[in-house]
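This report refers to the structure that appears directly beneath it.
There are 2 protein chains.
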Amino acid sequence: MMISTRGRYALRMMLDLAEYQGNGYVPLKDVARRQEISKKYLEQIIPILNRAELLQTTRGYQGGYRLTRAPKDYTLGDILRTTEGTLAPVACLEGEQNLCTRRADCATLPIWEGLDKVINDYLDSVTLQNVLDQQLSRRGDDYVI
Amino acid sequence: MMISTRGRYALRMMLDLAEYQGNGYVPLKDVARRQEISKKYLEQIIPILNRAELLQTTRGYQGGYRLTRAPKDYTLGDILRTTEGTLAPVACLEGEQNLCTRRADCATLPIWEGLDKVINDYLDSVTLQNVLDQQLSRRGDDYVI
DNA sequence: TTGAAAACCTACCAAATCCGTAGTATAATA
DNA sequence: TATTATACTACGGATTTGGTAGGTTTTCAA
Numbered sequence: 000m001m002i003s004t005r006g007r008y009a010l011r012m013m014l015d016l017a018e019y020q021g022n023g024y025v026p027l028k029d030v031a032r033r034q035e036i037s038k039k040y041l042e043q044i045i046p047i048l049n050r051a052e053l054l055q056t057t058r059g060y061q062g063g064y065r066l067t068r069a070p071k072d073y074t075l076g077d078i079l080r081t082t083e084g085t086l087a088p089v090a091c092l093e094g095e096q097n098l099c100t101r102r103a104d105c106a107t108l109p110i111w112e113g114l115d116k117v118i119n120d121y122l123d124s125v126t127l128q129n130v131l132d133q134q135l136s137r138r139g140d141d142y143v144i
Numbered sequence: 000m001m002i003s004t005r006g007r008y009a010l011r012m013m014l015d016l017a018e019y020q021g022n023g024y025v026p027l028k029d030v031a032r033r034q035e036i037s038k039k040y041l042e043q044i045i046p047i048l049n050r051a052e053l054l055q056t057t058r059g060y061q062g063g064y065r066l067t068r069a070p071k072d073y074t075l076g077d078i079l080r081t082t083e084g085t086l087a088p089v090a091c092l093e094g095e096q097n098l099c100t101r102r103a104d105c106a107t108l109p110i111w112e113g114l115d116k117v118i119n120d121y122l123d124s125v126t127l128q129n130v131l132d133q134q135l136s137r138r139g140d141d142y143v144i
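The listed protein sequences derive, respectively, from chains A and B. Residues 0 to 144, numbered by numbering that gives the first Met the number 0, are exactly what the first sequence covers, in order. Residues 0 to 144, numbered by numbering that gives the first Met the number 0, are exactly what the second sequence covers, in order.
Set out below in structure tokens:
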């Protein structure tokens with residue numbers, strides 16, 4: 000498993016904001032309730048998104064969070080790389096601290112690089128807006144049936 | 000990181016066998032030396048491949064391991080799914096014990112299913128033979144330079 | 001000016017997973 | 001029967017995961 004609850008919850012929170020923010024700010028309490036995720040745990044995930052300026056906040060009365068950009072301007076790759084730190088499928092690709100002496104003629108390294116590309120390309124091909132659209136169309140289907 | 004040393008070492012061991020087995024059996028000692036992996040640790044990885052009948056063994060003098068099939072008849076997906084247990088990128092896809100009550104109308108589930116497919120398709124598109132061929136052609140390049 | 005609502009910060013913790021080491025038992029063959 | 005090799009099982013330290021808990025600070029409204 001490469002994507003932990005951190006990334007998955009972050010994604011669900013971003014989707015929730017996209018759906019419910021309207022013109023205002025959404026309090027975390029509401030997101031937590033709708034998504035059935037501990038508010039306290041979400042509080043730990045938010046600073047990561049915040050530092051990367053993926054969302055805006057105000058404190059105090061009627062405070063909360065909202066997206067910085069339009070939903071179509073976030074790829075899932077953006078959100079997941081930010082929260083997970085890396086999406087590298089193997090340690091060899093995780094940076095300088097994992098340098099391997101066999102790297103120069105490692106037969107498997109090109110494989111991992113290819114896998115890494117496939118993963119990132121896929122996640123960068125989907126935006127928050129895409130997911131919202133799919134969700135709405137599925138809900139529509141339910142009414143028809 | 001989704002693929003641990005177990006899967007990566009298993010893959011390197013399979014490649015090593017493919018390269019060095021000839022008509023006989025390759026003792027683990029030799030694989031461990033060439034690949035610079037602890038023999039004791041490899042001993043723990045092997046039973047997994049063994050149970051799945053990905054390799055053959057004989058004990059005792061001149062014993063060791065060899066591949067069951069031709070290198071072109073193993074995909075990397077075969078080997079990695081066997082050793083890692085699952086290549087699922089998220090817990091939600093890892094089987095019945097991780098059933099989620101929100102599953103029925105989870106907006107993100109289709110994303111994870113798509114990611115899972117992309118990963119497995121990629122790893123099933125490469126065989127051990129493919130990797131061997133690439134490796135040989137790279138070694139050839141070195142001679143030219 | 002005070003109270004309530006909300007975000008912010010930091011410490012802590014149990015359980016699981018990862019990455020091995022170690023020792024003994026068993027089998028095959030010269 | 002000695003040697004070579006696999007097979008099995010237990011243990012353990014380090015790290016990651018998935019949170020809980022409690023207090024602090026900011027903002028606004030009554």
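Built from N, CA and C at the ideal position, the CB exists for glycine as well. Only a predicted model underlies this, so the values are computations on that prediction, with no experimental measurement involved.
| query | result |
| --- | --- |
| Which of helix, strand or coil DSSP assigns to B:Thr126 | strand |
| Opposing strand residues paired with B:Thr82 [DSSP bridges] | DSSP lists no partner for B:Thr82. |
| Identified DSSP bridge partners for A:Gln55 | A:Arg65 |
| Cutoff 8 Å: B:Ala90 Cβ touching any chain A Cβ | yes |
| Three-state secondary structure assigned by DSSP to A:Thr74 | strand |
| 8 Å Cβ cutoff, A:Ile44 in contact with chain B | no |
| Beta carbon of B:Tyr64 nearer than 8 Å to that of B:Leu27 | yes |
| CB contact check: A:Arg50 to chain B, cutoff 8 Å | no |
| For A:Leu16 and A:Leu54, believed in contact at Cβ under 8 Å, the rounded distance | 7 Å |
| Meets three-Cβ-pair contact criterion under 8 Å: the segment 70-85 of chain A and the segment 125-137 of chain A | yes |
| Extent of the continuous alpha helix (DSSP H) run through B:Arg5 | Thr4 to Tyr19 |
| Between the CA atoms of A:Ile2 and A:Val117 - distance to the nearest angstrom | 15 Å |
| Minimum Cβ-Cβ distance from B:Ala106 to chain A less than 8 Å | yes |
| Cut-off 7 Å between Cβ atoms - residues of its own chain near A:Val89, not counting five sequence neighbours on either side | Trp111 |
| Partners in chain A for B:Pro109, counting only beta-carbon separations shorter than 7 Å | Gln133 |
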